[in-house]
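K.L.:
Numbered by numbering that gives the first Met the number 0, the letters in the sequence shown go through residues 0 to 201 in order.
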Amino acid sequence: MRLYPSVPRLLARTAALDAALILLLLVFAWLGFTVHDAVAELNSLSRGVVDAGTQTQATLRRAADAVGAVPLVGGQLEGTLRQAGSETGGAAIAAGRESESRVDDLADLLGILTWLVPSVLVLAYLLPPRVRQVARLTAGAKVLEADGAVSAERRRLIAQRAAFGLPFGTLLKHTRDPLGDLEAGRYDALVAAELEAAGLRA
Numbered sequence: 000m001r002l003y004p005s006v007p008r009l010l011a012r013t014a015a016l017d018a019a020l021i022l023l024l025l026v027f028a029w030l031g032f033t034v035h036d037a038v039a040e041l042n043s044l045s046r047g048v049v050d051a052g053t054q055t056q057a058t059l060r061r062a063a064d065a066v067g068a069v070p071l072v073g074g075q076l077e078g079t080l081r082q083a084g085s086e087t088g089g090a091a092i093a094a095g096r097e098s099e100s101r102v103d104d105l106a107d108l109l110g111i112l113t114w115l116v117p118s119v120l121v122l123a124y125l126l127p128p129r130v131r132q133v134a135r136l137t138a139g140a141k142v143l144e145a146d147g148a149v150s151a152e153r154r155r156l157i158a159q160r161a162a163f164g165l166p167f168g169t170l171l172k173h174t175r176d177p178l179g180d181l182e183a184g185r186y187d188a189l190v191a192a193e194l195e196a197a198g199l200r201a
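1. Can you check whether the CB of residue 115 is closer than 7 Å to the CB of residue 38?
2. Between the Cα of residue 153 and those of 112, 123, 186, 60, spot the shortest distance and give me the residue it belongs to.
3. Buried or exposed, going by whether 16 or more other CB atoms sit within 10 Å of the CB of residue 195?
4. With distances taken between CB atoms, is the gap from residue 121 to residue 44 smaller than 7 Å?
5. Using DSSP with H/G/I as helix, E/B as strand and the rest coil, what is residue 184?
6. Could you tell me the distance, in whole angstroms, from the CA atom of residue 108 to the CA atom of residue 90?
7. In this structure, how does DSSP classify residue 35 when only helix, strand and coil are distinguished?
8. Can you list, in chain order, the residues of its chain whose CB lies under 6 Å from that of residue 190, leaving out five sequence neighbours each side?
9. Evaluate residue 174 with the Cβ neighbour count: other Cβ atoms within 10 Å of its Cβ, from every protein chain shown; 16 or more gives buried, anything less gives exposed.
10. At the level of alpha carbons, what is the spacing between residue 164 and residue 151?
11. So, are the CB atoms of residue 7 and residue 136 less than 7 Å apart?
12. Return helix, strand or coil for residue 55, following the three-state DSSP convention.
13. Can you tell me where the alpha helix (DSSP H) with residue 99 in it begins and where it stops?
14. Please say whether residue 27 and residue 118 have beta carbons closer to each other than 7 Å?
15. How many Å lie between residue 128 and residue 200 at the Cα?
16. For residue 152, report the span of its alpha helix (DSSP H) as first-last.
17. Closer than 6 Å by C-beta to residue 34: which residues in its own chain qualify, once you throw out the five before and the five after it? Chain order, please.
18. Nearest-angstrom Cα distance between residue 53 and residue 93?
19. Would you tell me roughly how many angstroms separate the C-alpha atoms of residue 170 and residue 123, rounded to the nearest one?
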């Protein structure tokens, strides 16, 4: 499998696109963590509610302990205060913890979506052309690269493929008269054009 072209200009362009893709994915991941942490900061309110409930319970317990020794009504007041602390403070603690759990879930969801949605869109846009390029480079290398010296007949066939298969604009970047070169047996420019189209250096 050939991942990168051997033509320096194409190699630099492909490497830059790959680096940009990796950088974008890292930026999206950083944004996801940032959004997660920003939303999770809302838990300070939930923790405040939990702390208030805990303090209410503690205060009413202390009050119940203090009035427990009062003759006649002390026991009843103590029970009432303990029950009030358990109900009031307990309800506040439960509400705060439920709110904290929901905020954590929301922070996780928004953080994942902030990373996932743009990452999927970028990958859907950039990955298929890159996969096609790798397939084209691999196939081109298998067909066009030869071990050792290239025979004259093989050069002629590669030149014909270039002259008959490549767009005219691509051919004209390499030679002013592609068909004349083919007719006269001047194959260098045509072979170079075909190899470059396959991402290979002549």
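Cβ atoms here follow ideal geometry from the backbone N, Cα and C, with glycine treated the same way.
P.N.:
Here's the rundown:
1. no
2. 186
3. buried
4. no
5. Here residue 184 sits in coil by DSSP.
6. 27 Å
7. Helix.
8. 154, 157, 158
9. buried
10. Looking at the two C-alpha atoms, the distance is approximately 20 Å.
11. no
12. In the three-state reduction of the DSSP assignment, residue 55 falls in the helix class, which pools H, G and I.
13. 89 to 143
14. yes
15. 21 Å
16. 151 to 164
17. 109, 110, 113
18. Taking C-alpha positions only, residue 53 is separated from residue 93 by approximately 10 Å.
19. 32 Å
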